[in-house]
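Chemist:
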Amino acid sequence: KVVQRKATTKIKSVNGGEFDMHLYVNNVTYAEHIALVKGDISDEAPVLTRVHALNVIEDVLGDTQTGHQGQLSAAMRQIGEEGRGVVVLIREPRPNTLSASIAKLIEVNGGDGDALRQELANENGDGDLRDYGVGAQILHDLGIRDMILLSNTKRHIVGLDGFGLNLVDQRPLVVSEE
């Protein structure tokens, strides 16, 4: 197993109330990831699921310029209202993830982010497939088999069945305009 559960505790959040929080460690990249579980997900019913790549600029600092702000808190609130579900937070281990987000902000603010982006291009490959693999391993470890994806992006995710996962439906992520 590439990903292992290391600890479990509870968290009380303004976004969705109380969750069981599980710490996972990727034994290859040593990145730490979190799974927030709401309610009892042990039965056969599909589980409302959000796999979220943690972004410091949007999720922690709350930047409003990129159009992605509030997605994490919205997912937690929707799962809290549902009373049952999982949010998996994928922490990217690559050393230039933050600078790639800053390059995007430079462009949003009218600057040229290409110089920074080109400097990073050789170091920063496409992490989507790797992120899905880590998230899928975490979901499988939690006992999830059938899931309802919480996302605004329509995307066919190849290979989920290889992790014993089945995408049965998708629901939109409702982000409030704050």
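If you count the sequence shown from 1, you need to add 42 to reach the numbering used here. Even glycine gets a Cβ: it sits at the ideal position worked out from N, Cα and C. None of these values were measured; they are calculated from a predicted model.
Over the uninterrupted beta strand (DSSP E) stretch that includes residue 111, give me the two end residues.
Modeler: Residue mapping note: residue 111 aligns to position 69 of the sequence shown, counting from 1. Looking at the DSSP string, residue 111 is not in any beta strand (DSSP E), and its letter there is neither H nor E.
Chemist: Taking DSSP as the reference, what is the three-state secondary structure of residue 188?
Modeler: For the purposes of this step, residue 188 is taken as the residue at position 146 of the sequence shown. DSSP places residue 188 in strand when its eight states are reduced to three.
Chemist: Quick test of the definition: if touching needs 3 or more C-beta pairs under 8 Å, does the region 92 to 101 touch the region 55 to 64?
Modeler: Contact fails: fewer than three Cβ-Cβ distances are below 8 Å.
Chemist: In the structure shown, what three-state DSSP assignment does residue 166 receive?
Modeler: Within the sequence shown, the letter at position 124 stands for residue 166. Any reading at residue 166 needs caution, since the residue's pLDDT is 47, under 50, leaving its predicted position unreliable; the model's value is listed next. Coil at residue 166, not helix or strand.
Chemist: So, with DSSP's three-state summary, where would you put residue 47?
Modeler: Within the sequence shown, residue 47 is the residue found at index 5, counting from 1. Here residue 47 sits in strand by DSSP.
Chemist: Is the distance from the Cβ of residue 180 to the Cβ of residue 94 below 8 Å?
Modeler: Looking up residue 180 in the sequence shown gives position 138. Looking up residue 94 in the sequence shown gives position 52. Against a cut-off of 8 Å, the Cβ pair of residue 94 and residue 180 comes out as no contact.
Chemist: Leaving aside the five residues before and after residue 50 along the sequence, list all residues of the same chain whose C-beta is less than 8 Å from its C-beta, in chain order.
Modeler: Here residue 50 is taken as the residue at index 8 of the sequence shown, counted from 1. Correct list, in chain order: 62, 63, 64, 65.
Chemist: Which residue marks the beginning of the beta strand (DSSP E) containing residue 66, and which one marks its end?
Modeler: For the purposes of this step, residue 66 is identified with residue 24 of the sequence shown, where counting begins at 1. Unbroken beta strand (DSSP E) run through residue 66: 59 to 68.
Chemist: Ordered along the chain, which non-local residues of its own chain (more than five positions away) have a Cβ less than 7 Å from that of residue 70?
Modeler: Numbered from its first residue, the sequence shown carries residue 70 at position 28. Correct list, in chain order: 44.
Chemist: Below 8 Å between beta carbons: does that hold for residue 92 and residue 207?
Modeler: To locate residue 92, count along the sequence shown from 1; it is residue 50. To locate residue 207, count along the sequence shown from 1; it is residue 165. Their beta carbons are not under 8 Å apart, which means residue 92 does not touch residue 207 by this criterion.
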